[in-house]
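S.K.: First to last, the protein sequences are chains A and B. In case it helps, UniProt numbering puts the first sequence at residues 1 to 486. In case it helps, UniProt numbering puts the second sequence at residues 1 to 486. C-beta: ideal position from N, C-alpha, C; glycine also. Right, I'll just put the structure down here and ask away after.
There are 2 protein chains.
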Amino acid sequence: MSDIDALAARLRAGLAPDQVLTDRQQLRTYECDGLANYKVIPALVALPRSAEQVAIVVRACVDAKVPFVARGSGTGLSGGALPHADGVLIVTSQLRDIVELRPEDERAVVQPGVINLQVTQAATPYGYYYAPDPSSQQICSIGGNVAENSGGAHCLKYGFTTNHVTGLQVVAPDGEQVQLGGAAPDTPGYDLLGAFVGSEGTLGIATEVTVRLTRLPESVRTLLAAFASTDQAGAATSAIIAAGVVPAAIEMMDVLSIEAAEAAVHCGYPAGAGAVLIVELDGPDAEVRAQFDEVTRLCDEAGAFEIRVAADDTERQLIWRGRKSAFAAVGRISPDYIVQDGVIPRTALPEVLRRINEVAAGHGVRVANVFHAGDGNLHPLVLFDARVPGEAERAETVSGAILDLCIEHGGSITGEHGVGVDKARYMPRMFTDTDLDTMQLVRCAFDPDGLANPGKVFPTPRLCGERPGRHQGAHPLQEAGLGEVF
Amino acid sequence: MSDIDALAARLRAGLAPDQVLTDRQQLRTYECDGLANYKVIPALVALPRSAEQVAIVVRACVDAKVPFVARGSGTGLSGGALPHADGVLIVTSQLRDIVELRPEDERAVVQPGVINLQVTQAATPYGYYYAPDPSSQQICSIGGNVAENSGGAHCLKYGFTTNHVTGLQVVAPDGEQVQLGGAAPDTPGYDLLGAFVGSEGTLGIATEVTVRLTRLPESVRTLLAAFASTDQAGAATSAIIAAGVVPAAIEMMDVLSIEAAEAAVHCGYPAGAGAVLIVELDGPDAEVRAQFDEVTRLCDEAGAFEIRVAADDTERQLIWRGRKSAFAAVGRISPDYIVQDGVIPRTALPEVLRRINEVAAGHGVRVANVFHAGDGNLHPLVLFDARVPGEAERAETVSGAILDLCIEHGGSITGEHGVGVDKARYMPRMFTDTDLDTMQLVRCAFDPDGLANPGKVFPTPRLCGERPGRHQGAHPLQEAGLGEVF
Chain A
1 MSDIDALAAR LRAGLAPDQV LTDRQQLRTY ECDGLANYKV IPALVALPRS
51 AEQVAIVVRA CVDAKVPFVA RGSGTGLSGG ALPHADGVLI VTSQLRDIVE
101 LRPEDERAVV QPGVINLQVT QAATPYGYYY APDPSSQQIC SIGGNVAENS
151 GGAHCLKYGF TTNHVTGLQV VAPDGEQVQL GGAAPDTPGY DLLGAFVGSE
201 GTLGIATEVT VRLTRLPESV RTLLAAFAST DQAGAATSAI IAAGVVPAAI
251 EMMDVLSIEA AEAAVHCGYP AGAGAVLIVE LDGPDAEVRA QFDEVTRLCD
301 EAGAFEIRVA ADDTERQLIW RGRKSAFAAV GRISPDYIVQ DGVIPRTALP
351 EVLRRINEVA AGHGVRVANV FHAGDGNLHP LVLFDARVPG EAERAETVSG
401 AILDLCIEHG GSITGEHGVG VDKARYMPRM FTDTDLDTMQ LVRCAFDPDG
451 LANPGKVFPT PRLCGERPGR HQGAHPLQEA GLGEVF
Chain B
1 MSDIDALAAR LRAGLAPDQV LTDRQQLRTY ECDGLANYKV IPALVALPRS
51 AEQVAIVVRA CVDAKVPFVA RGSGTGLSGG ALPHADGVLI VTSQLRDIVE
101 LRPEDERAVV QPGVINLQVT QAATPYGYYY APDPSSQQIC SIGGNVAENS
151 GGAHCLKYGF TTNHVTGLQV VAPDGEQVQL GGAAPDTPGY DLLGAFVGSE
201 GTLGIATEVT VRLTRLPESV RTLLAAFAST DQAGAATSAI IAAGVVPAAI
251 EMMDVLSIEA AEAAVHCGYP AGAGAVLIVE LDGPDAEVRA QFDEVTRLCD
301 EAGAFEIRVA ADDTERQLIW RGRKSAFAAV GRISPDYIVQ DGVIPRTALP
351 EVLRRINEVA AGHGVRVANV FHAGDGNLHP LVLFDARVPG EAERAETVSG
401 AILDLCIEHG GSITGEHGVG VDKARYMPRM FTDTDLDTMQ LVRCAFDPDG
451 LANPGKVFPT PRLCGERPGR HQGAHPLQEA GLGEVF
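So this is what it looks like as structure tokens:
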């Protein structure tokens with residue numbers, strides 16, 4: 001009996017037989033997440049229905065030294081939930097209860113398989129909602145949001161997942177059940193909650209999530225401003241933020257992404273626009289009205305040739321329709337594309353966009369830019385045709401060069417999609433060996449055998465056995481006597 | 001030559017002679033921080049002037065296996081900077097440069113010895129400020145704020161230190177210099193930045209801090225509302241938050257703290273008040289005006305018998321004067337007192353205040369309550385006279401019982417003062433052994449010899465050598481075979 005067969009037998013006894021999949025056709029369903037160019041069929045899929053069952057599966061994996069990968073709805077865009085060929089995929093979608101709704105304390109407690117939008121739907125009757133809104137919010141799970149520290153258009157004002165999770169119950173990589181944080185805004189001791197959020201399944205599996213609920217705004221107003229160029233739109237963005245206005249969202253689309261959206265959903269954006277900005281304000285009605293006038297004036301001053309204000313919710317949805325369809329719409333103008341995700345300081349926007357266009361032109365590649373302009377989170381869509389020899393490679397080169405531009409300007413290689421399997425190789429461009437080694441000290445502390453989502457986040461796994469490894473070699477301060485350092 | 005003599009000689013060669021203190025009279029200056037009932041004279045004080053010098057000192061301590069404690073301005077209230085009798089105290093107050101001010105990116109880079117208020121003073125000409133405002137902001141250091149994750153009256157709206165630090169350069173407990181985070185709002189990999197902020201000197205020493213700058217509000221309005229009871233004031237607080245208003249601050253004082261403030265600074269609060277609320281709104285003028293009317297109405301409905309609105313900055317300062325002097329003012333009505341620091345869900349305020357009064361009455365002890373009502377952060381001042389036998393003990397009992405009440409109501413044993421040496425013994429009331437052991441996995445990963453601020457935060461230091469200790473005994477899941485667990 002192979003290791004996996006033995007493990008399957010143990011899990012079928014510990015869970016229920018129908019919660020353990022080993023049939024190859026069934027396993028194929030889980031071969032990839034939202035980043036479909038990586039595909040791996042797992043050896044086994046477990047479908048636990050409780051925290052205890054998650055702990056049982058992890059414990060069995062630890063005993064058998066079999067790697068395991070957690071998966072929520074599988075909508076991630078960095079391959080964070082890509083299975084391990086010899087490992088167990090732990091799917092949390094059966095853990096789908098809203099355990100507790102406490103609007104009076106602005107908290108909800110949910111299981112990890114609960115869909116992002118369901119939290120908002122449950123809280124809305126009480127006048128609250130769950131603020132982080134990934135584009136996939138209708139299908140992505142809270143557990144996946146926690147793993148990837150997901151963002152969304154409205155995270156400019158409201159912050160990322162990490163700002164909205166106050167407590168977690170997790171199964172650690174050794175199978176122990178641990179409480180991190182709680183309902184209070186801060187807890188004493190180390191903020192392991194913060195370290196866990198965004199750790200992409202490498203520090204354990206969340207089995208219960210306490211989230212902050214946000215009061216529904218009294219008023220929401222949305223405008224679409226059309227500019228001749230991304231330079232002008234970028235200047236408008238900077239002017240708005242510099243004026244002390246924090247819109248709920250400032251989204252930018254360039255000419256190519258407008259063209260794609262137009263082809264797909266006929267959103268009717270102003271003809272001839274080189275860039276559009278969508279600016280949404282929310283809050284008390286008095287604030288929104290006053291600031292809306294200011295935003296309109298600032299867009300005007302930055303050179304907007306047309307400004308449309310949504311008169312009602314239908315018009316508001318029409319404005320958002322182009323933006324929200326943008327990723328998928330790019331399929332209308334290109335057979336294949338890479339969705340890139342990087343961050344730069346907002347003030348570097350015009351410069352970096354120019355450089356992206358230069359790099360793209362130099363390689364004969366088209367790049368459509370769609371992004372959260374307010375917080376400098378870029379989503380360049382690098383277009384290619386996989387059938388034309390060399391195009392995929394050129395697109396990959398341009399995509400990587402865009403991340404270099406982000407780093408060069410003081411930014412980051414991912415804003416909200418995570419590192420996963422896709423960007424692990426870029427981590428050394430951003431971090432020194434010492435920095436990466438320091439992070440892996442934590443991974444090794446929790447997971448000395450490296451069983452929790454191996455191959456993700458870090459380019460080269462640390463051999464945890466070699467403790468105290470960081471004292472050996474590498475760093476000059478370690479090697480040098482005092483006199484030499486000084 | 002003793003270990004310390006050898007260490008002193010090495011440091012005098014590596015730094016400069018006047019940066020190393022061993023004279024007992026000089027050392028006595030550093031025997032305590034703001035929590036003066038703990039006093040320990042360190043064996044040596046080092047006054048580094050650069051990150052490299054901090055690394056030199058730490059490296060020397062590691063080589064000599066001598067414990068070290070970092071200290072900023074020494075204003076902490078949990079004894080986090082209490083020296084170790086056989087150890088080195090590393091004072092960061094000489095690292096006092098504002099390295100970079102980038103208001104256009106809403107960032108400043110400062111050394112750890114920079115005073116909190118100096119960041120605001122430097123940023124103000126550009127229209128920005130640094131939001132976290134501990135009461136000690138005129139003297140406390142940014143490095144200390146990072147260590148303790150300091151809060152302040154205005155953290156209700158703006159968040160704690162952890163929400164305003166985006167990057168750190170630290171000297172890890174082994175002497176390595178590491179970068180955590182950066183200028184971008186989020187970085188890939190583990191959020192060790194979050195884990196470091198609030199780790200109270202146990203994970204290393206910050207040598208450079210990148211902070212977020214916040215736009216100065218267009219408008220600020222402040223009111224003082226007087227109520228017959230804390231129940232009424234608590235109800236007003238809940239009503240304000242439930243209405244979706246997020247004031248910059250909501251502070252509450254009860255009858256005893258009002259009496260103390262009156263005796264000390266003659267703040268002229270309304271006579272006969274059983275509780276006062278200070279509510280401050282800031283933001284765009286239109287918002288502040290609209291919300292201020294609503295807050296006034298809600299206070300009125302909750303039973304306020306007098307509401308004073310500050311007409312100008314002088315009147316505003318008069319309102320704040322009573323609150324800001326409250327801790328010190330208590331000295332007017334009691335020779336000794338303990339400043340307690342706990343957190344509860346805001347909705348539990350009336351219930352917990354009643355219980356505190358019951359417990360206090362049961363022990364014949366007076367408690368003055370001053371607190372950040374908006375976020376449920378209590379600062380009960382437990383009054384006693386050390387000259388009366390048994391009073392100190394009774395005060396200590398009541399003080400501990402208050403923390404139990406906080407935990408019982410889903411809160412926390414510290415809101416913003418940290419655990420330090422003072423509350424380490426309360427940690428097991430809030431966390432299970434497994435939870436504490438999980439945190440110490442991180443401490444051990446960074447500091448296997450336990451040299452960085454030993455005796456703080458954790459009640460019983462983990463023996464790091466016993467890895468993989470958490471697999472041995474203790475937790476039932478570890479011991480049990482699968483069948484038993486299920």
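1) Using the Cα positions of V370/A and F196/A, report the straight-line distance between them to the nearest angstrom.
2) Tell me whether E251/A is buried or exposed, calling it buried when 16 or more other Cβ atoms sit within 10 Å of its Cβ.
3) What residues in the segment 269-301 of chain A have a beta carbon less than 8 Å from any beta carbon of chain B?
4) How would you call R346/B, buried or exposed, if buried means at least 16 neighbouring beta carbons within 10 angstroms?
5) Can you name the start and end residues of the alpha helix (DSSP H) that S399/B belongs to?
6) Step through the CB atoms of chain A and report whether any lies within less than 7 Å of the CB of S199/B.
7) Between V110/A, V276/A, A55/A, K456/A, which lies nearest to V209/A when the distance is taken from Cα to Cα?
8) From the DSSP secondary-structure annotation, give me the bridge partner or partners of A70/B.
9) According to a CB-to-CB cut-off of less than 7 Å, which residues of the segment 399-413 of chain A neighbour chain B?
10) Quick check on T434/A - is its C-beta less than 7 Å from some C-beta in chain B?
11) Examine chain B for any beta-carbon lying closer than 7 Å to the beta-carbon of G194/A, and answer yes or no.
12) Between the segment 33-42 of chain A and the segment 73-89 of chain A, do at least 3 Cβ pairs fall closer than 8 Å?
13) Which ranges does the beta strand (DSSP E) cover as unbroken runs of at least 3 residues, wholly within the segment 341-394 of chain A, from first to last along the chain?
14) Can you tell which of F327/A, V359/A, D313/A, V245/A has the C-alpha that lies nearest to the C-alpha of P134/A?
15) What residue does the alpha helix (DSSP H) around T432/B start on, and which one ends it?
16) Can you tell me where the alpha helix (DSSP H) holding L213/B begins and where it ends?
17) From the beta carbon of E100/B, is the nearest beta carbon of chain A less than 7 Å away?
18) Quick check on G181/A: does DSSP put it in helix, strand or coil?
19) When we look at the beta-carbon of residue 498/A and count the other beta-carbons within 10 Å, is it buried (16 or more) or exposed?
20) Anything in chain A within Cβ reach of F446/B, meaning under 7 Å, just list it in chain order.
21) Are the C-beta atoms of D105/A and some chain D residue less than 7 Å apart?
22) Just checking: is the beta-carbon of P345/A within a distance shorter than 7 Å of some beta-carbon in chain B?
23) Run through DSSP, which three-state label would I56/A get?
24) Along the chain, where does the beta strand (DSSP E) that runs through I338/A open and close?
25) Spell out whether any CB of chain A is found under 7 Å from the CB atom of G244/B.
26) Can you tell me whether Y126/A is helix, strand or coil according to DSSP?
27) Short of 7 Å in beta carbon distance, which residues of its chain neighbour G303/A, apart from the five on each side in sequence? Order them along the chain.
28) Below 9 Å on C-beta distance, what does N149/A contact in chain B?
29) Any contact between the segment 183-203 of chain B and the segment 213-221 of chain B? By contact I mean 3 or more CB pairs, one from each, below 8 Å.
30) Terminal residues of the continuous alpha helix (DSSP H) containing Q232/B?
31) Go through its chain and collect everything with a Cβ distance to F486/A's Cβ below 6 Å, but skip five positions before and after it.
32) Is it right to say Q25/B is buried, meaning 16 or more other beta carbons lie within 10 angstroms of its own, or is it exposed?
33) What whole-angstrom Cβ distance do R71/A and I56/A have, given they're in contact under 8 Å?
34) Per DSSP, what are the beta-bridge partners of residue 496/B in this structure?
35) When you compare each of A64/A, G143/A, A239/A, G390/A to S73/A by their alpha carbons, which one comes out closest?
36) Taking the CB atoms as reference points, tell me whether V66/B and G34/B lie closer together than 7 Å.
M.R.: With the given structure in hand:
1) Counting from one through the first sequence, the residue named residue 370/A turns up at place 370. Counting from one through the first sequence, the residue named residue 196/A turns up at place 196. Computed Cα separation, rounded: 29 Å.
2) On the first sequence, residue 251/A is found 251 positions in, with the first residue counted as 1. Counting the other Cβ atoms within 10 Å of the Cβ of E251/A gives 16 or more, which makes it buried.
3) So the close ones are G283, P284, D285, A286, E287, R289, A290, Q291.
4) Residue numbering aside, residue 346/B sits at position 346 when the second sequence is read from its first letter. Label assigned to R346/B: buried.
5) Taking the first residue of the second sequence as 1, we reach residue 399/B at position 399. It spans 391-408 - the alpha helix (DSSP H) in which S399/B sits, taken as one unbroken run.
6) Counted from its first residue, the second sequence places residue 199/B at position 199. At least one chain A Cβ lies under 7 Å of S199/B.
7) Numbered from its first residue, the first sequence carries residue 209/A at position 209. That would be V110/A, whose Cα lies nearest to the Cα of V209/A.
8) Indexing the second sequence from 1 puts residue 70/B at position 70. As computed with DSSP, A70/B is found in a beta bridge with I90/B.
9) Among the residues of the segment 399-413 of chain A, those with a Cβ less than 7 Å away from any Cβ of chain B are G410, G411, S412, I413, in the order of the chain.
10) Locating residue 434/A in the first sequence gives position 434, where the first residue counts as 1. Under the Cβ criterion of 7 Å, T434/A is counted among the residues facing chain B.
11) Residue mapping note: residue 194/A aligns to position 194 of the first sequence, counting from 1. Closer than 7 Å: yes.
12) At 8 Å Cβ cutoff, the stretches touch.
13) Fully enclosed beta strand (DSSP E) runs of 3 or longer: 366-372, 377-384.
14) Locating residue 134/A in the first sequence gives position 134, where the first residue counts as 1. Of the listed residues, the one whose Cα sits closest to P134/A is F327/A.
15) Here residue 432/B corresponds to residue number 432 of the second sequence, with the count starting at 1. In this chain, T432/B is not harboured by any alpha helix (DSSP H), its DSSP state being neither H nor E.
16) As a working mapping, residue 213/B is identified with position 213 in the second sequence. Annotation: L213/B is outside any alpha helix (DSSP H) and is labelled neither H nor E by DSSP.
17) Taking the first residue of the second sequence as 1, we reach residue 100/B at position 100. So, not an interface residue.
18) The sequence position of residue 181/A within the first sequence is 181, counting from 1. It is a strand residue.
19) Any property of residue 498/A remains undetermined from this structure, which presents chain A solely from 1 to 486.
20) Numbered from 1 along the second sequence, position 446 holds the residue referred to as residue 446/B. Going along chain A in sequence order, the residues near F446/B (Cβ under 7 Å) are L441.
21) Here the protein chains are A and B, and chain D is not one of them.
22) Position 345 of the first sequence holds residue 345/A. Proximity of P345/A to chain B, defined by a Cβ-Cβ separation below 7 Å, is satisfied.
23) As a first step, residue 56/A must be located in the first sequence, where it is residue number 56. DSSP places I56/A in helix when its eight states are reduced to three.
24) Locating residue 338/A in the first sequence gives position 338, counting from the first residue. Going by DSSP, I338/A is part of the beta strand (DSSP E) stretching over 336-339.
25) The count along the second sequence starts at 1 and reaches residue 244/B at position 244. Cβ-Cβ to chain A under 7 Å: yes for G244/B.
26) Numbered from 1 along the first sequence, position 126 holds the residue referred to as residue 126/A. The answer is helix: DSSP assigns Y126/A an H, G or I state.
27) Stepping through the first sequence from its first residue, residue 303/A is reached at position 303. Take G303/A, set aside five residues on each side of it, and the residues of its chain with a beta-carbon closer than 7 Å to its own are F227, A228, Q232, in chain order.
28) Your numbering for residue 149/A matches position 149 in the first sequence. Under the 9 Å cutoff, chain B gives D186, D191.
29) The segment 183-203 of chain B is not in contact with the segment 213-221 of chain B.
30) Indexing the second sequence from 1 puts residue 232/B at position 232. DSSP places Q232/B inside the alpha helix (DSSP H), whose first and last residues are 230-242.
31) Here residue 486/A refers to the residue found at position 486 when the first sequence is read from its first residue. Low confidence applies to F486/A: its pLDDT is 24, below 50, so where it sits in the model is not reliable, and the reading given next is rough at best. Same-chain partners within the cutoff: there are none.
32) For the purposes of this step, residue 25/B is identified with residue 25 of the second sequence, where counting begins at 1. Exposed is the call here.
33) Here residue 71/A corresponds to residue number 71 of the first sequence, with the count starting at 1. Here residue 56/A corresponds to residue number 56 of the first sequence, with the count starting at 1. Contact doesn't hold; Cβ gap of about 17 Å is too wide.
34) Because chain B spans 1 through 486 in this model, residue 496/B falls outside it and cannot be assessed.
35) Your numbering for residue 73/A matches position 73 in the first sequence. Checking every option, the nearest Cα to that of S73/A belongs to G143/A.
36) Sequence index remark: in the second sequence, residue 66/B carries index 66 (1-based). Sequence index remark: in the second sequence, residue 34/B carries index 34 (1-based). Judged by beta-carbon spacing, G34/B lies beyond the 7 Å limit of V66/B, meaning their Cβ atoms are not closer than that value.
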